[in-house]
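To start, the structure under review is shown below, and the notes come after it.
Residue numbers (UniProt numbering): 1 to 325.
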């Protein structure tokens, strides 16, 4: 298993990415704009939804592509994804003039599929993620270079650069709240946070319908679920994997879950308060802060990671029509 990235390696990766990605802003949230925030808390959000391709994924993908050998680049890249990773791979491949094939579930938001095609990627549609993974492995066996959506030292290292920026931009943090899908984002952010400030709490947030990391923490080993059932498709990893799980287990203080209704309501809060169009995964940390973590975070200095905005207008308005607050 690859080693955990060191602070020097994270800083070096940040320098490599400088000029290749956006150093996304950190914005202080006010109770005037979002009254449901924890009482007395100083809450900031890392707006990674303003990253290239609308998600943090570009960080790790670009690191992986730049580190690839000439042979791996000539073979072209293949990836499976519900959207965000596929968009990042399509973007990175176009940036460096490399062939990209992405396998996406048929139920993927059409805006994401069209986004990949507009970036020049070859898109194949699969019945579901599991079928897509099998197809990716088939293409990799024939010579294509596979880029895993989260189980990769480069994805963790890319996410760690996001964590580094959070710690540089917000002083004296008490807690960082991170959305969790497969574990690539939280494995990197938690590693960077704990290297810089071991006393800063790191909390992961999953949907109840895709709680693989929560189950893995409970069992002490990576777990899988039979079926993903959540509107937050970007957090819909059907299983945890050894590298990202081991890092998360060593650096994350607790995992909590939120339901889909809480995600929809949080999307509404972000739209009302910040005029942000957040996909459900992006709203997970706000859902947690205004829900199950409300009392726990009261009076603390907190950072919420807003991870992505890849959602089409029709789907966004469809979900917002279901909000209960």
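From the three backbone atoms N, C-alpha and C, an ideal C-beta is built for every residue, glycine too.
Just so you know, these numbers come straight off a predicted model, no measurement behind them.
Cα separation between residue i and residue j?
| i | j | result |
| --- | --- | --- |
| residue 177 | residue 163 | 11 Å |
| residue 308 | residue 86 | 13 Å |
| residue 113 | residue 104 | 8 Å |
| residue 47 | residue 69 | 32 Å |
| residue 237 | residue 157 | 19 Å |
| residue 72 | residue 203 | 36 Å |
| residue 284 | residue 61 | 23 Å |
| residue 182 | residue 57 | 12 Å |
| residue 45 | residue 280 | 16 Å |
| residue 174 | residue 43 | 10 Å |
| residue 214 | residue 255 | 6 Å |
| residue 65 | residue 92 | 7 Å |
| residue 206 | residue 180 | 5 Å |
| residue 337 | residue 133 | Residue numbering for the chain in the displayed model covers 1 to 325; residue 337 lies beyond these limits and cannot be assessed. |
| residue 289 | residue 96 | 39 Å |
| residue 106 | residue 39 | 42 Å |
| residue 337 | residue 77 | Residue 337 falls outside the range modelled here, since the chain spans only 1 to 325, and no answer is possible. |
| residue 84 | residue 67 | 21 Å |
| residue 187 | residue 5 | 10 Å |
| residue 247 | residue 200 | 16 Å |
| residue 21 | residue 94 | 14 Å |
| residue 152 | residue 253 | 22 Å |
Does the beta-carbon of residue i have 16 or more other beta-carbons within 10 angstroms, so that it is buried, or is it exposed?
| i | result |
| --- | --- |
| residue 208 | exposed |
| residue 167 | buried |
| residue 227 | exposed |
| residue 7 | exposed |
| residue 171 | exposed |
| residue 1 | exposed |
| residue 220 | exposed |
| residue 165 | buried |
| residue 191 | buried |
| residue 41 | buried |
| residue 305 | buried |
| residue 102 | buried |
| residue 222 | buried |
| residue 314 | exposed |
| residue 303 | buried |
| residue 52 | buried |
Can the beta-carbon of residue i be found closer than 8 Å to that of residue j?
| i | j | result |
| --- | --- | --- |
| residue 100 | residue 89 | yes |
| residue 124 | residue 117 | no |
| residue 194 | residue 251 | yes |
| residue 184 | residue 150 | yes |
| residue 196 | residue 212 | no |
| residue 119 | residue 59 | no |
| residue 263 | residue 231 | yes |
| residue 235 | residue 268 | no |
| residue 293 | residue 154 | no |
| residue 29 | residue 282 | no |
| residue 13 | residue 161 | yes |
| residue 23 | residue 274 | no |
| residue 143 | residue 108 | no |
Check whether the Cβ of residue i lies closer than 8 Å to any Cβ atom in chain C.
| i | result |
| --- | --- |
| residue 244 | Absent from the structure: chain C. Only one protein chain is present. |
Tell me whether residue i, by its Cβ, gets closer than 7 Å to a heavy atom of the ligand HEM.
| i | result |
| --- | --- |
| residue 134 | As far as ligands go, the structure on display features none, and thus does not contain the ligand HEM. |
Entirely enclosed beta strand (DSSP E) segments - the segment 157-236, minimum 3 residues | Within the segment 157-236, the complete beta strand (DSSP E) runs of at least 3 residues are 175-179, 201-207.
In chain order, each alpha helix (DSSP H) run of at least 4 residues that lies wholly inside the segment 66-136 | Runs of the alpha helix (DSSP H) inside the segment 66-136: 70-75, 84-96, 110-118.
Kindly confirm or deny that the segment 241-248 and the segment 294-313 touch, where touching means at least three C-beta pairs closer than 8 Å.
-> no
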